[in-house]
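Accompanying notes for the structure given below.
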Amino acid sequence: MPMQPQLYQASLQALASKAQAQGGSLTPTQARLYLQLYDGWQYYRASQPLRFRGEVDGLCDAIGDLPVVVAAA
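In terms of the numbering used here, the sequence shown is residues 66 to 138.
In structure tokens form, the structure reads like this:
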């Protein structure tokens, strides 16, 4: 089942806030790719072995913990 829109919004808002705190912003491409990753994983998650699910869930959580690098203009 795909992630609910409010969960998309919360995850995306967290990344956008992190970027803004560092003086930048997410690009539309970054936001789209982030949401596609989460949507794709939610579609396949239920059919995967429990250990693999845990590993990918951890990876998805780690993406939100990565620093947002703001490119110099």
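Using N, Cα and C, we set each Cβ at its ideal position, and we do this for glycine too. All of these numbers come straight from a predicted model, not from anything done at the bench.
- Residue environment analysis places A86 among the exposed positions, since fewer than 16 neighbouring C-beta atoms fall within 10 angstroms of its C-beta.
- Where A96 is concerned, the enclosing alpha helix (DSSP H) starts and stops at P93 to R110.
- Here Y99 is buried, its C-beta having at least 16 other C-beta atoms within 10 Å.
- In this structure, the CA atom of P114 is about 10 angstroms from the CA atom of E120.
- Across the structure, S82 and Y109 are spaced so that their CA atoms are roughly 28 angstroms apart.
- Across the structure, S112 and D104 are spaced so that their CA atoms are roughly 14 angstroms apart.
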